[in-house]
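A.B. asks: Residue numbering for the first sequence is 21 to 611, as defined by our numbering.
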Amino acid sequence: MRFSRIFGHTLKEAPSDVQAVSHQYLVRAGYIHQVAAGLFSYLPLARRVLNKIERILHDEMAMIGAQEITMPVVLPADIWQESGRWYQIGSELTKLKDRKDHDMVLAMTHEEALCDLARKYVRSYKELPQLVYHIQTKWRDDPRPRAGLIRVREFKMKDSYSLDTSWEGLDKQYRAHYQSYFNIFNRCGLDVLAVKSDTGMMGGKIAHEFMYLTPIGEDTIIFCDSCGYNSNRQVAEFKKPEIVEEELKPVEKIETPDCKTIDELADFLKIPASKTAKAVFMVATIQENNETETEKFILAIVRGDMTLNETKLQNAVGAKDLRPAHVDEITAVGAVPGFGSPVGVKGAYVVVDDLAAEAPNLVGGANEEGFHLLNLNCGRDFKADLVTDIVAAEAGFRCPVCGKTLDAEKAVEVGNIFKLGTRYSESMNVNYQDEKGKLQPVIMGSYGIGVGRLLSCVVEQHHDNYGIIWPITIAPFQVHMVLLQDKKSPDAENAAEKIYEELQAAGVEVLLDDRKESPGTKFNDADLIGVPIRLTVGKRSLDKGGVEFKVRGSNDSAIIPLDETVVKIKEQIALLEAEIAESIKVVEYKE
RNA sequence: CGGAAUGUUGCCUAGUGGCUAAGGCGCCUGCUUUGGGAGCAGGAAAUCGGAGGUUCGAGUCCUCUCAUUCCGACCA
Numbered sequence: 021m022r023f024s025r026i027f028g029h030t031l032k033e034a035p036s037d038v039q040a041v042s043h044q045y046l047v048r049a050g051y052i053h054q055v056a057a058g059l060f061s062y063l064p065l066a067r068r069v070l071n072k073i074e075r076i077l078h079d080e081m082a083m084i085g086a087q088e089i090t091m092p093v094v095l096p097a098d099i100w101q102e103s104g105r106w107y108q109i110g111s112e113l114t115k116l117k118d119r120k121d122h123d124m125v126l127a128m129t130h131e132e133a134l135c136d137l138a139r140k141y142v143r144s145y146k147e148l149p150q151l152v153y154h155i156q157t158k159w160r161d162d163p164r165p166r167a168g169l170i171r172v173r174e175f176k177m178k179d180s181y182s183l184d185t186s187w188e189g190l191d192k193q194y195r196a197h198y199q200s201y202f203n204i205f206n207r208c209g210l211d212v213l214a215v216k217s218d219t220g221m222m223g224g225k226i227a228h229e230f231m232y233l234t235p236i237g238e239d240t241i242i243f244c245d246s247c248g249y250n251s252n253r254q255v256a257e258f259k260k261p262e263i264v265e266e267e268l269k270p271v272e273k274i275e276t277p278d279c280k281t282i283d284e285l286a287d288f289l290k291i292p293a294s295k296t297a298k299a300v301f302m303v304a305t306i307q308e309n310n311e312t313e314t315e316k317f318i319l320a321i322v323r324g325d326m327t328l329n330e331t332k333l334q335n336a337v338g339a340k341d342l343r344p345a346h347v348d349e350i351t352a353v354g355a356v357p358g359f360g361s362p363v364g365v366k367g368a369y370v371v372v373d374d375l376a377a378e379a380p381n382l383v384g385g386a387n388e389e390g391f392h393l394l395n396l397n398c399g400r401d402f403k404a405d406l407v408t409d410i411v412a413a414e415a416g417f418r419c420p421v422c423g424k425t426l427d428a429e430k431a432v433e434v435g436n437i438f439k440l441g442t443r444y445s446e447s448m449n450v451n452y453q454d455e456k457g458k459l460q461p462v463i464m465g466s467y468g469i470g471v472g473r474l475l476s477c478v479v480e481q482h483h484d485n486y487g488i489i490w491p492i493t494i495a496p497f498q499v500h501m502v503l504l505q506d507k508k509s510p511d512a513e514n515a516a517e518k519i520y521e522e523l524q525a526a527g528v529e530v531l532l533d534d535r536k537e538s539p540g541t542k543f544n545d546a547d548l549i550g551v552p553i554r555l556t557v558g559k560r561s562l563d564k565g566g567v568e569f570k571v572r573g574s575n576d577s578a579i580i581p582l583d584e585t586v587v588k589i590k591e592q593i594a595l596l597e598a599e600i601a602e603s604i605k606v607v608e609y610k611e
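#1: If you compare alpha carbons, which of R400, Y249, S42 is closest to A415?
#2: Using the DSSP secondary-structure output, state which residues sit across from V322 in a beta bridge.
#3: Drop a sphere of 10 angstroms on the beta-carbon of E33, count the other beta-carbons inside from all chains shown, and report buried for 16 or more, exposed for fewer.
#4: Considering E568, what are the terminal residues of the beta strand (DSSP E) in which it resides?
#5: Please name the residue in V152, Y141, S42 whose C-alpha comes closest to that of I170.
#6: Per the contact definition of three or more C-beta pairs closer than 8 Å, is the region 472-483 in contact with the region 432-452?
#7: Using DSSP's beta-bridge definition, name the partner residues of P344.
#8: Give a yes or no on whether the C-beta atoms belonging to S180 and V152 are separated by under 8 Å.
#9: N451 lies in the beta strand (DSSP E); which residues open and close that run?
#10: Any idea what DSSP makes of M231, helix, strand or coil?
#11: Please work out which residues of its chain come closer than 6 Å, Cβ to Cβ, to S182, disregarding the five sequence neighbours upstream and downstream, and give them in chain order.
#12: Residues in its own chain within less than 7 Å of P35 by CB, not counting five upstream and five downstream?
#13: To the nearest whole angstrom, what separates the beta carbons of P277 and G390, a pair I think is in contact under 8 Å?
#14: Per DSSP, which one or two residues make a beta bridge with A56?
#15: Measuring only the C-alpha atoms, how far is I155 from R67?
#16: Using the rule of at least 16 other Cβ atoms within 10 Å of the residue's Cβ for burial, across every protein chain shown, is C247 buried or exposed?
#17: What is the rounded straight-line gap between the Cα of I282 and the Cα of L406?
#18: Please classify R400 as buried or exposed, where buried requires at least 16 neighbouring CB atoms within 10 angstroms.
#19: What are the boundary residues of the alpha helix (DSSP H) that includes E599?
#20: Can the beta-carbon of V607 be found closer than 8 Å to that of K542?
#21: Between which two residues does the beta strand (DSSP E) containing R554 stretch?
#22: Report yes if the C-beta distance between E597 and I492 is below 8 Å; otherwise report no.
#23: Consult DSSP for V383 and reduce its assignment to one of helix, strand or coil.
#24: Quick one: residues in its chain with C-beta nearer than 6 Å to the C-beta of G558, no 5 flanking neighbours on either side, listed in chain order?
#25: May I have the straight-line CA-CA distance separating G566 from R207, to the nearest angstrom?
#26: Are three or more beta carbon pairs between the region 574-585 and the region 77-84 nearer than 8 Å?
#27: If you draw a straight line from the alpha carbon of S603 to that of Q481, how long is it in whole angstroms?
As C-alpha cells, this is what we get:
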C-alpha cells in the first residue's frame with residue numbers, strides 16, 4: 021500500500037475531547053473516526069488490524085472445533101419475549117417496529133437467536149455436542165460511552181455458543197474456551213487475567229471475565245498475591261474479621277444529635293465504626309413472571325466499617341434491578357434516614373450481612389431523628405428475613421482462601437465466558453431427545469470477546485510517547501518503508517520501489533511512504549501509526565550501503581544491503597512472531 | 001438519569017458588548033528544500049452548535065434546546 025493513497029490522514033493534535041491514550045493515538049494516526057457518542061467508523065488502517073484480530077479469532081475457534089455461522093442483528097421481539105429479556109432489560113435494549121408494525125430488537129448479544137436456531141436444528145443427543153460462533157455487530161444503547169473504543173454502543177463481538185447434553189460436556193467446552201481465550205489475547209499481545217465474575221443480565225451459573233489491568237478500567241479486580249485468588253469486586257469474597265464474643269447487653273436509647281453518618285456517629289460515641297450497624301435502604305425490582313414485576317423495599321444491614329455490595333445484594337434477593345430508596349419510601353415503612361435500623365420498621369425485607377448478624381451489641385438507628393440504640397443484636401432486637409454476605413471486598417481485607425491481605429486494581433473486561441446451563445434452553449424450549457427418547461433441555465454456554473475493545477486495549481498496553489507499537493501479529497502492516505526522495509538523483513526512489521515490489525512478491529505487507537513530505541513528517545507519522553518494522557531508504561542510507569532497518573520501540577538501527585533486505589525482513593518478522601508465540605502458555609483453570 | 005465542563009473553518013486556539021471574526025497546523029497553487037513535524041509568496045475554507053430574547057449594536061449577556069466530554073448511577 022502506498023501511503024499517498026490511504027484513505028484518511030494523521031493529525032498533529034488530537035481533538036480536545038479525546039482523553040484516553042488509545043483513543044488519542046487511534047484518532048491521530050487515522051485509524052478511527054467518531055460519528056456520534058459510542059459510534060465509530062473504522063478507516064482502512066483500523067480495518068486491517070481488525071481483520072488480523074478476526075483471523076486469530078477464526079483460527080482459535082477452529083482449533084476448539086467451533087463452526088462459523090451468521091445470525092442477524094435485527095431480531096424479532098418474540099424470541100426475546102420468550103427468553104424474558106424483552107421484559108428484563110431496560111432501555112439498553114433498543115426496540116423498534118418494522119413496516120408491518122412487528123416488534124423487533126437490535127441484538128445486544130445472540131443467545132435468543134442461537135436458541136431459536138438450535139431448537140430447529142438440534143433434535144437428538146446424537147447431534148450433540150455442538151459449538152458455533154460468529155463475529156457480529158452488537159448494539160447496546162449504553163447510557164455512557166467513554167474512552168474511545170473502550171466502551172461504545174455499537175461493536176463487533178466474537179460470540180460462541182456451546183450446546184451439550186451434560187454438565188460435564190459444558191465444563192469441557194467452557195475450559196476449552198478458557199484456554200482458547202488466553203491464546204487469543206496473548207496472540208494479540210495483550211496480557212489478561214481471568215477472574216470470577218457476576219453473571220449479570222446473561223444469567224446462568226458460573227462466569228469468568230478476561231481482564232486487562234489498567235487504571236482507565238471500570239471494573240475493580242480483587243486479588244491475592246500469595247495464593248492467586250482473584251475475582252471481580254462485584255462478587256469477590258473475603259474472610260470476615262473475627263467476632264469478639266461479648267455478653268449481650270440490654271438495648272438503650274441515647275441522644276445522638278446530628279449523627280447522620282457512621283463516621284459522625286462513631287466520632288460522637290468514641291467507638292470504632294465496627295461497633296455500629298449501617299442501614300441501607302434500597303428498592304428491588306422483582307420479576308414475578310414475564311408480564312409482571314413488583315417492587316420490594318429492602319433494608320440492608322452491614323457492619324459500620326463495611327460497604328454494601330449492591331451486586332451481591334441484588335443476587336441475594338433475586339432482583340432484576342436495584343436502586344436507592346427515595347426518602348418518602350423510607351419514611352413510609354417507619355424508618356428515618358440517617359437514623360435507620362430494622363427496629364420498629366414494618367413492610368421492609370430485611371437483609372443482614374452475616375458479619376453484622378453475628379456481631380454483638382451494635383449501635384444502630386432508633387428510627388427517630390437524633391436518636392440511636394445501643395446494643396442491638398440481630399435475632400433478639402430485630403428479625404432478619406435473610407442473612408448472607410452482602411458487603412464489598414476491599415484492598416486490605418483478608419483473602420477468602422489463604423487469609424493473606426487482598427489487593428485491588430482497575431481493569432477493562434475484554435472477554436467473558438458463561439456457563440448458562442439451561443437458563444435459555446428451558447425458557448425457549450431448546451430440547452433434544454436422549455437415548456430413551458425423552459426430551460431434555462440443552463445445556464448451554466456462551467463466550468464473548470469484544471473485538472474493538474481488544475484492539476484499543478492492545479494500544480493501551482503497547483505505545484510510547486510517539487505513538488502505537490503494534491505487536492507484529494495484528495499490525496496493519498508488517499513493514500513501513502520511509503522513502504526520502506532526493507531531487508538530484510532517482511536512486512533512492514528506484515531502490516525503494518524495487519524493495520517494495522520484492523517484499524510484496526515475498527508476501528510481506530508493506531506500507532510505502534511515497535509522499536512528498538519532509539523526513540520529519542514521515543518519521544513522526546511512522547512512529548504514530550506504529551508498524552513494527554521500519555525501513556528507511558534515502559541518499560544517506562544508500563551511501564552507507566543499503567537501507568536503514570529499525571524495529572519500532574527499539575533504539576537500535578542497522579544498515580542492510582539492498583539484496584539482503586527481503587531475507588532480513590522475513591527473519592525479523594519470524595523473530596517477532598516467535599516472541600508472541602512464546603507468550604502463549606497452557607494456563608491452569610481456576611474456578 | 002443526577003453532577004460538572006465545553007461547543008468559533010478539517011484540527012488546535014485567540015477573541016471578555018462596538019470597524020470586514022484573528023492566528024497556528026492542515027488543505028490548494030507556484031517556487032525552493034529533503035534524515036526527526038522546512039522556507040517564501042499567493043489562495044480556499046466559519047450562517048461563531050441551533051432557536052428565541054435583551055440591546056442602537058451580540059461570537060461575547062439572558063432563556064430554552066441540541067451535541068460532545070468528564071465524574072457518578074448503569075453496563076459486557
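Note that CB positions come from ideal geometry on N, CA and C, so glycine has one too.
No experiment lies behind these values; they were computed from the predicted model shown.
C.D. replies: Straight from the coordinates:
#1: Y249
#2: K298
#3: Within a 10 Å sphere around the beta-carbon of E33 sit fewer than 16 other beta-carbons, which makes this residue exposed.
#4: 567-571
#5: Of the candidates V152, Y141, S42, the one whose C-alpha sits nearest the C-alpha of I170 is S42.
#6: yes
#7: M302
#8: A contact, by the Cβ cut-off of 8 Å.
#9: 451-453
#10: strand
#11: L151, Q193, G465
#12: V47
#13: 5 Å
#14: L59
#15: 14 Å
#16: By the neighbour-count rule (16 or more Cβ atoms within 10 Å), C247 is not buried but exposed.
#17: 23 Å
#18: exposed
#19: 585-602
#20: no
#21: 553-557
#22: yes
#23: In this structure, V383 counts as strand in the three-state DSSP scheme.
#24: L504, A512
#25: Rounded to the nearest angstrom, the two C-alpha atoms are 33 Å apart.
#26: no
#27: Answer to the nearest angstrom: the Cα atoms are 15 Å apart.
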